[in-house]
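Using our numbering, you'd call the opening residue of the sequence shown number 554 and step up by one each time. We put the CB at the ideal spot given by N, CA and C, even for glycine.
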Amino acid sequence: MVRAAHGLAEAPGQTGAGGCARGEHTHASAGPVPRGGTPGAVAVAGGETPAPVRASGRREGPGAPGSGRAVPVRPAGTGPEAVQADAARRVQRHSVRGQVLQALRAALVGGELVPGEVYSAPALGVRLGVSATPVREAMMQLALEGAVEVVPNRGFRVVERSPRELAELAEVRALIEVPVMLRLARTVPAARWAGLRPLAEATAAAAAHGDLAVYGEADRAFHRALLGLAGNEQLVAVADDLHRRSQWPLVSPPVTRRADLVADAAEHGALLDALEAGDLAVVESLVREHFTGAVD
């Protein structure tokens, strides 16, 4: 389990414990060598000496069926148990990387990872209680999303998001989502909107606690569900990416008051009311104001 993402921020210029950040190379050591043997030797039951193995992977000798005939030898590590163990390692590694990615995203939204600062994978790994590898993998994903940029031999710099960039993101979101919301208001049965009430209530609960990171996730879940009713997966993916980018902190982030989060969450309930009523004018007004308020 990855530790909480709190306390991730480092002092400017910090490169991680023990200076591990520079280069950030990892080396795999050779596996254990069997006693009296060499790396890659195939163990034989009863301690017998392995028969010679040709480059083709076949063994020859008295132990083979038929004198002087070659028989196939199963490569080490390909049996059912080895395959199952390898799959388990991949699943576990993916799980850790996913937890690290979520923790780093929460730290970005909450402002614990400061825009403009450089963070090394080993140093962040220490804070999260994991090795540098899943941190580095998660940071590379964030780089693809535009949240950080790679700084060779140092780590990753958090991208500085200016107020103008956030305003541009809000404009693009409105261009995409307003027409979709108006179409959904005309075509989706009123009863369908009731199923989204729990998601709206989840945003209200997160806002009441004043947890910006939790609220950010709940907010995006609500909007994904709304757009999901359009039946266009590409639309949902593009809109969610824009939404995530708009949640990153400003260069000098303002103090987010709990009252602001509560007011923002209340707009979700009001939007559902307008959608159920099919009131297109109110739907358009609420969606545009919701995006504009996110960057005020």
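Asked	Found
With C-beta atoms as the reference, is G763 less than 8 Å away from L697?	no
Between E754 and the rest of its own chain, which residues show a CB-CB distance below 7 Å, the 5 nearest in sequence each way excluded?	none
Consult DSSP for R810 and reduce its assignment to one of helix, strand or coil.	coil
Mind checking F844: buried by the 16 CB within 10 Å criterion, or exposed?	buried
Could you say which of F775, V840 and A830 lies nearest to R739 if we only look at CA atoms?	A830
From R750 to E770, what distance separates their C-alpha atoms?	16 Å
Would you decide whether P705 is buried or exposed? Buried here means 16 or more other CB atoms lie within 10 Å of its CB.	exposed
Is V679 helix, strand or coil when you go by DSSP?	helix
So E718 and V840 are in contact, right, with Cβ under 8 Å, and what is the actual spacing, rounded?	About 20 Å; that fails the 8 Å criterion.
Which first and last residues belong to the alpha helix (DSSP H) in which R707 is found?	Looking at the DSSP string, R707 is not in any alpha helix (DSSP H), and its letter there is neither H nor E.
Return the first residue and the last residue of the alpha helix (DSSP H) that R736 is part of.	P716 to T740
What does DSSP give as the partner residue(s) for V701 in the beta ladder?	V711
Count the other C-beta atoms from every protein chain shown that fall within 10 angstroms of the C-beta of S799, then say buried if there are 16 or more, exposed otherwise.	buried
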